[in-house]
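Below is one structure; the comments refer to it alone.
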Amino acid sequence: MRLRIIEIISVLLALSACSVSPKSNIYLLQAVEPIQAKFVTQKPISIYLQPVNFPDYLERPQMVLRKNAVTLGIEEFQRWGEPLNASFERVLRENLEMRLSLATVLSKKTFRTMVFDYQLAIDVSRFDTNAQQQAILQLHWAILNGAGDKLLFFSSEIITVPIKADNFQARVEAQSAAVAILTNKVAAQLRNRGFDKTH
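Going by the numbering used here, the letters in the sequence shown line up with residues 948 to 1146, in that order.
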């Protein structure tokens, strides 16, 4: 009888071990320090970052890998620590403020009467990594006047960044670098609208 109980306990322990799921790894996009000198405005400016449009396939906590043109892979145990669109907005704001001294970038209008110098609109159609060890950011973006009713600049971009190692941390770092490249383009256009480079 005692042997029978031991056998049952052993089976239960084995089943319990089999049912334990692998631990998920959690990732966040990160801001990237600018390589070039920071651009300084003659006076403080404010930029309103409109809510960024993201494709539906990215509205999930799992990381998405593009296997080919028509097939996506969902990585169940490689997850984002916050919604990817929110992470994208946060990092873009931080990147812009690191590149444009005296600039404040807001992503939510707390008051309808708030006045901005510029608005930034972004429509992302792709933001993932692929089997060719690349991070790809495909999007349209535009700079508008402070009221948001006049288009000042528009661009369509496909930004490709090589992934430096065969792991998920390197994939996230490449995606962060893609956002930084976009930020550099936005900052350059804002500078062309009257910013002075002082250091």
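All C-beta atoms, glycine included, are put in the ideal place defined by N, C-alpha and C.
Three-state class that DSSP yields for residue i in the structure shown
i       : result
Ser1034 : helix
Ala1112 : coil
Val1062 : coil
Glu1023 : strand
Phe1075 : Here the sequence assigns Asp to residue 1075, which means Phe is not the residue at that position. If DSSP states are grouped into helix, strand and coil, Asp1075 belongs with the strands.
Ile1128 : helix
Val1119 : helix
Val1011 : strand
Asp1143 : At Asp1143 the pLDDT is 39, less than 50, meaning the model places this residue with poor confidence; the figure from the coordinates comes in the next sentence. Looking at Asp1143 - three-state DSSP - the assignment turns out to be strand.
Ala1016 : coil
Assigned exposure category for residue i - 16 Cβ within 10 Å defines buried
i       : result
Thr1076 : buried
Phe1024 : exposed
Phe1101 : exposed
Met946  : Outside the shown range of the chain, which is 948 to 1146, sits residue 946, and nothing can be said about it.
Leu1031 : buried
Ser1147 : Residue 1147 lies beyond the residue range present for the chain, which begins at 948 and ends at 1146; the question has no answer from this structure.
Ile973  : exposed
Leu1019 : exposed
Val1017 : exposed
Ile994  : buried
Ala1078 : exposed
Of the listed residues the options, nearest to residue i (C-alpha basis)
i       : options                            : result
Lys1097 : Val1108, Phe1063, Glu1120, Asn1000 : Phe1063
Leu1005 : Ala1124, Gln1066, Phe1074          : Phe1074
Ile1021 : Gly1028, Glu1029, Pro1030, Pro1008 : Pro1008
Asn1139 : Gly1095, Val1071, Leu1047, Ala1127 : Leu1047
Ala1134 : Ile1105, Leu1039, Phe1001          : Leu1039
Leu1137 : Pro969, Asn1000, Asp1003, Val1052  : Val1052
Val1126 : Ala1078, Gly1095, Phe1115, Val1071 : Val1071
Lys1132 : His1087, Asp1003, Glu1029, Arg1013 : His1087
Gln1085 : Gln983, Pro1002, Pro969, Lys990    : Pro1002
Phe1115 : Leu1012, Ser1054, Glu1104          : Leu1012
Own chain partners of residue i with C-beta closer than 8 angstroms, once the 5 adjacent residues on each side are dropped
i       : result
Gln919  : Because the chain spans 948 through 1146 in this model, residue 919 falls outside it and cannot be assessed.
Met1045 : Ala978, Glu980, Pro981, Lys985
Arg1026 : Ser971, Asn972, Ile973, Tyr974, Pro1008, Gln1009, Met1010
Asn1092 : Tyr1065, Gln1066, Leu1099
Neighbourhood of residue i by C-beta distance below 6 angstroms, restricted to the same chain and skipping five residues each side
i       : result
Ile992  : Ala1050, Asp1064
Thr1107 : Gln1081, Ile1083
Ala1068 : Gln997, Ala1089
Ile1128 : Ile1106
Gly1095 : Gln1066
Gly1028 : Ile973, Leu975
Ser1103 : His1087
Residues of its chain near residue i, where Cβ-Cβ distance is below 7 angstroms and the 5 sequence neighbours each way are ignored
i       : result
Thr1130 : Leu1039, Asn1042, Leu1043, Arg1046
Val999  : Asn1032, Phe1035, Glu1036, Ile1069, Val1071
Val1119 : Tyr974, Leu976
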